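One structure is given below, encoded as structure tokens.
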Amino acid sequence: MMDATTGRRISLRAHISQSIADILTTPIQSRVMRRGYGSYIPRLIDQPMTPANILRLQAATAQAIMKWEPRTRLRRTLLQMDAAGRAVMQIERVDQGQATAMRQSVTLAGGLRA
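End of the sequence shown sits at 971 in the working numbering; the numbers just go up one at a time, nothing left out.
Structure below.
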């Protein structure tokens, strides 16, 4: 397993984190040979931050992780805003072969409007 930016060897947990970030930030239909890869988050991210749209983002997160990252099981998600106004998906997951949950934050492109 290799880090996508440095090319160095990384742990399984780090590789799963890298994979999840890639899945969530890749628009569906954008990969030529894998049209179904990615998530609907890029289509949803610029919508107003209503309870219904927050739920849609959380559902898109769960759907994409369950489909494209079989080495982990999602426990919960929480959408938050960072200090710069960007949407950040907080993910709690349990990786294959691990007894403890891991938390991961993925900054989503764009920002939600109030």
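Note that beta-carbon positions come from the ideal geometry of N, C-alpha and C, so glycine has one too. Nothing here was measured: the structure is a model prediction, and the numbers come from that model.
Review point. What's the C-alpha gap between Arg870 and Arg943?
Key: In the sequence shown, residue 870 corresponds to position 13, counting from 1. In the sequence shown, residue 943 corresponds to position 86, counting from 1. In a straight line, the C-alpha of Arg870 is about 25 angstroms away from that of Arg943.
Point to revise | Limits of the beta strand (DSSP E) - the one that Ala944 falls within | key: Reading the sequence shown from its first residue, position 87 is the one you call residue 944. Unbroken beta strand (DSSP E) run through Ala944: Ala944 to Asp952.
**Study point:** Per-residue burial, Gly895 [other beta carbons within 10 Å of its own, 16 or more giving buried]
**Key:** Your numbering for residue 895 matches position 38 in the sequence shown. The residue in question, Gly895, is buried, as its Cβ has 16 or more Cβ neighbours within 10 Å.
Check your understanding: Closest by CA to Leu931, which one among Asp860, Arg866, Thr862 and Ile873?
Key -> The residue given as residue 931 occupies position 74 in the sequence shown. Nearest C-alpha to Leu931: Ile873.
Check your understanding: At which residue ranges does the segment 889 to 920 contain complete beta strand (DSSP E) runs of 3 or more residues, listed in the order of the chain?
Key -> none
Check your understanding: First and last residue of the beta strand (DSSP E) that includes Ser876?
Key -> As a first step, residue 876 is located in the sequence shown; it is residue number 19 there, counting from the start. Counting along the chain, Ser876 falls outside any beta strand (DSSP E), though it belongs to the alpha helix (DSSP H) covering Leu869 to Thr882.
Exercise for review: Measure the CB-CB distance between Met946 and Thr918 and report whether it falls below 8 angstroms.
Suggested key: Taking the first residue of the sequence shown as position 1, residue 946 is located at position 89. Taking the first residue of the sequence shown as position 1, residue 918 is located at position 61. Yes, the Cβ-Cβ distance between Met946 and Thr918 is below 8 angstroms.
Check your understanding: What are the partner residues of Ala931, as DSSP defines its beta bridges?
Key -> Here residue 931 is taken as the residue at index 74 of the sequence shown, counted from 1. Per the sequence shown, residue 931 should be read as Leu rather than Ala. In the DSSP output, where bridge partners are listed per residue, Leu931 has Arg950.
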